[in-house]
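Each remark here refers to the structure printed beneath this line.
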Amino acid sequence: MTRRSRLRAAGALLVFGIVGAIVLLLLTRPRPLDVSALPAHTPDPARGEVLFHAGSCGACHKAAEAAPGADEGLPTGSAAFPTPIGTFYPGNLTPDPETGIGRWSEIDFVNAVTRGLSPDGTHYFPAFPYPSLRLMPLEDVLDLHAYLVSLPAVRSPHREPDLPMTALARRGVGLWKRLALDDRHFEADPARSDSWNRGAYLTNGPGHCGECHTPRNWLMIADESRHLEGGPHPGGKGRVPSLRGLVERGRYKDVSDLTLALRFGETLGYDKLSAGEMAKIQMNLARLPESDVQAISEYLLSLK
Amino acid sequence: MSRNRKRALAVALVAALAAGTASMADSSTDAIRDRQQTMKHVGGAMQNLAAIAKKEAPFDSEVVKKNAGAIAEALKKATELFPEGSDKGDVETWAQPEIWSDRADFEKKLETAEAAAVALQSVTVESAFPPALGKLGNACKACHQTYRRAKE
Numbered sequence: 003m004t005r006r007s008r009l010r011a012a013g014a015l016l017v018f019g020i021v022g023a024i025v026l027l028l029l030t031r032p033r034p035l036d037v038s039a040l041p042a043h044t045p046d047p048a049r050g051e052v053l054f055h056a057g058s059c060g061a062c063h064k065a066a067e068a069a070p071g072a073d074e075g076l077p078t079g080s081a082a083f084p085t086p087i088g089t090f091y092p093g094n095l096t097p098d099p100e101t102g103i104g105r106w107s108e109i110d111f112v113n114a115v116t117r118g119l120s121p122d123g124t125h126y127f128p129a130f131p132y133p134s135l136r137l138m139p140l141e142d143v144l145d146l147h148a149y150l151v152s153l154p155a156v157r158s159p160h161r162e163p164d165l166p167m168t169a170l171a172r173r174g175v176g177l178w179k180r181l182a183l184d185d186r187h188f189e190a191d192p193a194r195s196d197s198w199n200r201g202a203y204l205t206n207g208p209g210h211c212g213e214c215h216t217p218r219n220w221l222m223i224a225d226e227s228r229h230l231e232g233g234p235h236p237g238g239k240g241r242v243p244s245l246r247g248l249v250e251r252g253r254y255k256d257v258s259d260l261t262l263a264l265r266f267g268e269t270l271g272y273d274k275l276s277a278g279e280m281a282k283i284q285m286n287l288a289r290l291p292e293s294d295v296q297a298i299s300e301y302l303l304s305l306k
Numbered sequence: 013m014s015r016n017r018k019r020a021l022a023v024a025l026v027a028a029l030a031a032g033t034a035s036m037a038d039s040s041t042d043a044i045r046d047r048q049q050t051m052k053h054v055g056g057a058m059q060n061l062a063a064i065a066k067k068e069a070p071f072d073s074e075v076v077k078k079n080a081g082a083i084a085e086a087l088k089k090a091t092e093l094f095p096e097g098s099d100k101g102d103v104e105t106w107a108q109p110e111i112w113s114d115r116a117d118f119e120k121k122l123e124t125a126e127a128a129a130v131a132l133q134s135v136t137v138e139s140a141f142p143p144a145l146g147k148l149g150n151a152c153k154a155c156h157q158t159y160r161r162a163k164e
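Following this line, the structure appears as structure tokens:
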């Protein structure tokens, strides 16, 4: 190789590298909603509280020192959330100005919940279930926000996840979002009852049941062709049961049976809902209005 | 020592070790089977009690006494059903290792459940039944949540 052709090769490589980096930066860049997207809405913290429990937000955003089985208390975050790729420390959802969401604007909160973006525009890892939460209408997200800011502020500093190459991986989440997420919103099925639609919304939106009960493909994207069919446990150990055909497979008798199971769990002898993560979720569902739990049951039992 | 005797000794030693391991495996497998059987009985009795709470069966203090009594009886012996080393066996177990590493807490939770079952035995008024059953159910839950792996 002559000196000239070597120089030319190096130059080509440099141009290639720069173009590649720009393309990657563009593909991974955050795409927040603009403040003009906010609807005119008077937030209702009471409705927000229902959504908070429907999402079992407190089951993950809990204090690190909470004893197992104890009441979750305030969603101060920082308890370890282990996954096969690393350990996450869910954030502080109380309105503490320094360490919580006290200084967040409404659009900051909407972007966090529906776009998986922090107020400074970095990507959240999808251990935070925004792929499901983004189905929520913005009015509901604002209600949830109003509930959270009504809670007492607790100081609980943010903790970065224990992951290999966190910063790079975080940027890479932008690419994953492009592949995994569309601009889908929840759409009611007019052929079904209001209750069924409410159940479908709570299950697939705020309840984010599919985050565990829908299997993922090799890119860790939920495989909606196998919606709620169960599969390997995302925590890496064991399996998550299917939520389809619960009556046909003899798990529950009917809607009122499943409603009792979700509301009372093992208190009424339903021992399948008493161990592991599902125990915490059942205890959150127990705090929903009975009509909402019944709606979830009605929807789930319609899945054959 | 002759070469033959050495060999015989080695064989005997291996055989003894194998027998020891096998009997250990057997006894832990037995323990796992025992406790699963016991828990099945407890679950059955719980179903009978839950049927009353769900109004599928009428309130009958005799039925309550019998089923709560069976649960109390089973829980009284429950600590013996989780001997050291029975975290593994030839059959699948959902028992978590914390049963043995946090033994004091595990036994305390069992005692709480047993006390709740004993209290439920003497319920004769229908209005006192749901809260008493709730106490027992919550005691089951508290223990299972920490010490039992989720089942599919």
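Residue numbers (the working numbering), protein chains in the order written: chain A, 3 to 306; chain B, 13 to 164.
Even glycine gets a Cβ: it sits at the ideal position worked out from N, Cα and C.
| query | result |
| --- | --- |
| Is residue 222(A) close to chain B? Criterion is C-beta to C-beta, closer than 9 Å. | no |
| Does DSSP put residue 158(A) in a helix, a strand or coil? | coil |
| If the cut is a Cβ gap below 8 Å, which residues of chain B does residue 262(A) touch? | 66 |
| On the three-state DSSP scale, how would you describe residue 322(A)? | Outside the displayed span of chain A (3 to 306) sits residue 322(A), for which this structure offers no information. |
| Under a CB-based cut-off of 9 Å, is residue 55(B) close to chain A? | yes |
| By Cβ distance, which residues of its chain are closer than 7 Å to residue 51(B), with the 5 residues on each side in sequence left out? | none |
| Look at residue 113(A) and residue 102(A) and say whether their C-beta atoms are less than 9 Å apart. | no |
| Using the C-alpha atoms, what's the distance from residue 176(A) back to residue 23(A)? | 14 Å |
| Counting only runs of 4+ residues fully inside the region 91-152 of chain A, write out the alpha helix (DSSP H) ranges in chain order. | 108-117, 132-135 and 140-151 |
| Could you check what DSSP says for residue 142(B) in three-state terms: helix, strand or coil? | helix |
| Do we get a CB-CB distance below 9 Å when we pair residue 31(B) with the residues of chain A? | Caution applies to residue 31(B), whose pLDDT of 49 falls short of 50 and renders its modelled position unreliable; the value that the coordinates give is listed next. With 9 Å as the cut-off, residue 31(B) does not count as an interface residue toward chain A. |
| Roughly how many angstroms separate the alpha carbons of residue 5(A) and residue 221(A), rounded to a whole number? | 44 Å |
| Which residues of chain B have a Cβ atom closer than 7 Å to the Cβ of residue 248(A), listed in chain order? | None at all; the shortest Cβ gap to chain B is about 13 Å. |
| In whole angstroms, what is the alpha-carbon distance linking residue 32(A) and residue 123(A)? | 6 Å |
| Please list the partners that residue 161(B) has in chain A, where partner means a Cβ-to-Cβ separation under 9 Å. | 239, 240, 277 and 278 |
| Flag this pair as yes or no: are the beta carbons of residue 260(A) and residue 299(A) separated by less than 9 Å? | yes |
| For residue 272(A), which option in 58(B), 45(B) and 106(B) has the closest C-alpha, if you only look at C-alpha atoms? | 58(B) |
| Closest by CA to residue 137(B), which one among 88(B), 72(B), 105(B) and 119(B)? | 72(B) |
| Does the Cβ of residue 52(A) lie closer than 8 Å to at least one heavy atom of the ligand COA? | As for the ligand COA, it is missing from this structure, which has no ligand bound. |
| Are there 16 or more other CB atoms within 10 angstroms of the CB of residue 2(A), so buried, or fewer, so exposed? | Given a span of 3 to 306 for chain A in the structure shown, any question on residue 2(A) remains unanswerable. |
| Do residue 115(B) and residue 277(A) have their C-beta atoms closer together than 9 Å? | no |
| Which chain C residues are close to residue 274(A), counting only those with a beta carbon under 7 Å from its beta carbon? | The chain inventory of the structure shown lacks chain C, comprising the protein chains A and B. |
| For residue 152(A), I'd like the list of residues in its chain whose CB is within less than 7 Å of its CB, leaving aside the five on either flank, ordered along the chain. | 47 |
| Secondary structure at residue 196(A), three-state DSSP: helix, strand or coil? | helix |
| Within 10 Å of its beta-carbon, does residue 195(A) have 16 or more other beta-carbons around it, so buried, or fewer, so exposed? | exposed |
| Assign residue 138(A) to buried or exposed, taking buried as 16 or more other Cβ atoms, counted over all protein chains shown, within 10 Å of its Cβ. | buried |
| If you run the structure through DSSP and keep just helix, strand and coil, what is residue 38(B)? | helix |
| I want to verify the contact list: residues of chain B whose CB lies under 7 Å from the CB of residue 267(A), in sequence order. | 153 |
| Just grab the DSSP bridge partners of residue 160(B) for me. | 107(B) |
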